[in-house]
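Under this note's numbering, think of the first position of the sequence shown as -11, with each following residue one higher.
Working notes for the structure below.
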Amino acid sequence: MILLQCGQICKSFGTDEILSNVKLEIKSNERIALVGRNGAGKSTLLKIITGELPYDSGNLMIPKDVNIGYLAQNSGLESGRSIWEEMLTVFAALRKMEQNLRSLEEKMSDPDRADYEKVMQEYDQLQQDFKDRGGFQYEADIRSILSGLNFSNFDYNTSIHSLSGGQKTRLALGKLLLSKPDLLVLDEPTNHLDIQTLTWLEQYLSGYDGAILIVSHDRYFLDRVVDYVYELTFHRTEKFTGNYSKYLEEKARRYEQEMKQFEKQQGEIKKLEEFVQKNLARASTSNRAKSRRKQLERMTVMDRPKSEDQSANFRFNINRQSGNDVLMINDLSVGYSEKKLFENIDLKMTRGESVALIGPNGIGKSTLIKAIAGKIKLMAGDIRYGSNVSIGYYDQEQTELTSNKTVLQELWDEYPQTNEKDIRTVLGNFLFSGEDVLKTVYDLSGGEKARLSLAKLMMQKANLLILDEPTNHLDLDSKEVLENALIEYPGTLLFVSHDRYFVNRMATRVVELSSTSMTSFLGDYDYYVAKKEEQAEFKRLEDEKAAATGSSSIDSTEKTTKSNYQQNKEQQKKQRQRQRRIDELEKQVETEESVITEIEEQLCDPEIFQDHEKSLELNERLEKTKSKMDALMEEWEELQLGEE
């Protein structure tokens, strides 16, 4: 069943065209991602679909019986009710049915009523309807959703007025999920969610009995939830089948194919034009030239395939290298107004590490890195920095920016000795060009403020970067540019992020923060997840044993189970290591093949061929390269056989 169909939708704000001939179709149970750069018009399209904005032209068809639920970006509940009372409003119709059931039960208590049989029949029908619509489980559904969204430790009588903005946004999401519309429309639903809650939401949406349309910059999330991707670019949409990673692959393939077709046609056009130009005036070839000219006139000339708008382009450098020991934290306690968020924290970082700090919302991750950056005072313990350590700090709230300054002033005032041309060049690398540099900071979007903060950070050339949610507000393309810049960064990184794709790509170590300790996992996010699953499995085995015997000792059966589990984990780890090595070998072989081709081409050059010394040197290098490639191929074959 088609739930929604957009045809040729157009929308402009004044002279600015936002959408042009946009097409979108959603069928029952489809999971669709809408992707595109910041400012491409994604939120505008969602608001048109949900009726919050009018459109200029086109067709929007939604069947009358289709119910659409919409969560706008950063929209939080504003209510004077308690958490529980607000969630109950979703089930007003069921609660009314429940009241009617109680009323009928009172009538049924008198079997001498003249209409007793009629009341009984009415009660049976109403009770069946109540059951079919989930009347006996709606309170359990509320508790399940609130628990999944990290409200399990809350008093449900807490007033919504007293909650933070992020908590109100999570409640708005919870209320929408409880309403179970035919089509869920979610604009950045992963904002304000920690990793644990994100994982729960992925699982919930994967089993959701309805269709979903999502705008999100969380690649990990999109890969696990969606089946189709609509890309909104150049004011139009294009559909791709598969999750986000498949979309990237298919997009690259399509662009390459279109470029080849375009270049092939351009070559044909050039040949035809040259033939006409050379042969039109000759009597013997004039007719053929005229035929070619008609062929040119009839030809539908392809437009050059468009690549996306300009990407940011930057890298982080350092002024000087730090010592090997970069950061030493001992017995640290931090909090606000005598309230400790955590205590007895120890952490050591060495040069070149990239450490991801993770943990649930509210545990104090941002507070900890503010303390490390010297932005707040310590309650106890000490923080020591190694020799020559210079700190660059990125604040997710962009509080380091001055709202009444222009973009140009914001950067130039920090570095007044740098000439204006160089400042403008830096800003241009972060996509601030022309009149953009004269915008006031107050008028910038979240993504623009993030890019400006990153520009200031880049100019510092610090050798220890401390980053608090650096991918917030960035579109998917800007995230990739940032990742590449940080991967090449020669200094040390400490960062907080809920973007699991970013953590997986950046981290050499994951540190999990609790109120009383830090636990280190030497690896990326996938390794961290695997270790946590392993720990949970061991705990489950011990709990089963304790429940069965009342003893903490483990009998031989459980030891065998535990041993088998560990062996399987080790086998999987070795398999991943082997595959990584195979990938490395393939890249090295490609490199060596390129070197061999280059050398052989040089040896064909007559000048080099006649130069005996140069020729001999190249031949020796060629033999060494071939030997190296043979060794690489031999190792590759052994690893492939090992897989089999």
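Glycine included, each C-beta is placed from N, C-alpha and C at the ideal position.
Given the structure is predicted, the values throughout are model-derived calculations rather than measurements.
(request) Name, in chain order, the residues that DSSP records as bridge partners for glutamate 664. (result) Nothing about residue 664 can be reported from this structure: the residues present for the chain run from -11 to 632 only.
(request) Within 10 angstroms of the Cβ of histidine 149, are there 16 or more other Cβ atoms? Answer buried if so, exposed if not. (result) exposed
(request) Note down, in chain order, each residue of its chain lying with its Cβ closer than 7 angstroms to the Cβ of aspartate 463, except the 5 sequence neighbours on either side. (result) Arg25, Asn26, His205 and Gly435
(message) Cutting at 8 angstroms between CB atoms, please list the residues of its own chain near serine 441, excluding the five before and the five after it.
(response) Tyr382, Asp383, Gln386, Glu388 and Leu389
(request) Verify whether the separation of the beta carbon atoms of arginine 121 and alanine 81 is less than 9 angstroms. (result) yes
(message) Check whether the region 308 to 323 and the region 359 to 373 are in contact - that is, three or more C-beta pairs closer than 8 angstroms.
(response) yes
(message) DSSP three-state label for isoleucine 542, please.
(response) Since pLDDT at isoleucine 542 reaches only 48, below the 50 mark, its modelled position is unreliable, and the value read off the structure follows with that caveat. Three-state DSSP puts isoleucine 542 in coil, outside helix and strand.
(request) Can you check the region 264 to 335 for any beta strand (DSSP E) of at least 3 residues that lies completely inside it and give the ranges in chain order? (result) 313 to 324
(request) Note the first and the last residue of the continuous alpha helix (DSSP H) segment covering methionine 166. (result) The sequence given here has leucine at residue 166, not methionine. Element bounds for leucine 166: 153 to 167.
(message) Give me, in chain order, the residues of the same chain whose beta-carbon lies closer than 6 angstroms to that of leucine 165; leave out the 5 immediate sequence neighbours on both sides.
(response) Ile133
(request) Could you name each continuous beta strand (DSSP E) segment of 3 residues or more that falls completely within the region 501 to 529, going from the start of the chain to the end? (result) 506 to 509
(request) Since I believe valine 395 is in contact with lysine 444 (beta carbons under 8 angstroms), could you give me their beta-carbon distance rounded to a whole number of angstroms? (result) In fact, because the Cβ distance is near 11 angstroms, the residues do not count as touching under 8 angstroms.
(message) Judging by CA-CA distance, which residue of Gly347, Thr355 and Asp197 is the nearest neighbour of threonine 185?
(response) Gly347
(request) State the DSSP-derived secondary structure class of threonine 355, mapped to helix, strand or coil. (result) helix
(message) Let me confirm a value: asparagine 55 is counted as buried when at least 16 other C-beta atoms fall within 10 Å, else exposed. Which label applies?
(response) exposed
(message) With H, G and I counted as helix, E and B as strand and the rest as coil, what does DSSP make of methionine 367?
(response) coil
(request) Give the single residue among Leu627, Ile71 and Pro99 whose Cα lies nearest to the Cα of asparagine 141. (result) Ile71
(request) Identify every residue that forms a DSSP beta bridge with threonine 221. (result) Arg224
(request) Could you pull out every unbroken alpha helix (DSSP H) segment of at least 4 residues lying fully inside the region 408 to 445, listed in chain order? (result) 408 to 417
(request) Kindly list the residues whose CB is nearer than 6 angstroms to the CB of leucine 591, restricted to its own chain and excluding five residues on each side of it in sequence; keep chain order. (result) Leu606
(request) Identify whether alanine 80 lies in helix, strand or coil by the three-state DSSP scheme. (result) helix
(request) Using beta-carbon positions only, say whether aspartate 401 and lysine 409 come within less than 9 angstroms of one another. (result) no
(message) Assuming glycine 46 is part of the beta strand (DSSP E), what are its boundary residues?
(response) 45 to 49
(message) For lysine 84, count the other beta carbons within 10 Å of its own beta carbon; 16 or more makes it buried, fewer makes it exposed. Which is it?
(response) exposed
(message) Rounded to whole angstroms, what is the Cα-Cα separation between serine 272 and lysine 266?
(response) 12 angstroms
(request) Under 6 angstroms Cβ to Cβ from valine 491, same chain only, skipping five residues before and after it: list those, please. (result) Ala344, Ser485 and Tyr513
(request) Would you kindly work out how many angstroms separate the C-alpha atoms of glutamate 226 and glutamate 73, rounded to a whole number? (result) 43 angstroms
(message) Strictly by DSSP, which residues pair up with serine 147?
(response) Ser70
(request) Note the first and the last residue of the continuous alpha helix (DSSP H) segment covering serine 466. (result) 464 to 475
(request) Go ahead and pull the three-state DSSP assignment for phenylalanine 142. (result) coil
(message) Can you tell me whether serine 378 is helix, strand or coil according to DSSP?
(response) coil
(request) Select from Phe139, Leu329, Asn47 and Arg101 the residue whose C-alpha is nearest the C-alpha of serine 505. (result) Leu329
(request) Could you name the residues of the same chain whose beta carbon sits closer than 6 angstroms to that of tyrosine 489, not counting the 5 residues immediately before and after it, in chain order? (result) Arg207 and Tyr208
(message) Let me check understanding here. Comparing Cα to Cα, which of Ile14, Thr221 and Ala21 lies closest to glycine 29?
(response) Thr221
(message) For lysine 95 and tyrosine 144, what's the separation of their Cα atoms in angstroms?
(response) 34 angstroms
(request) Would you kindly check if the distance between the Cβ of tyrosine 192 and the Cβ of aspartate 211 is under 9 angstroms? (result) no
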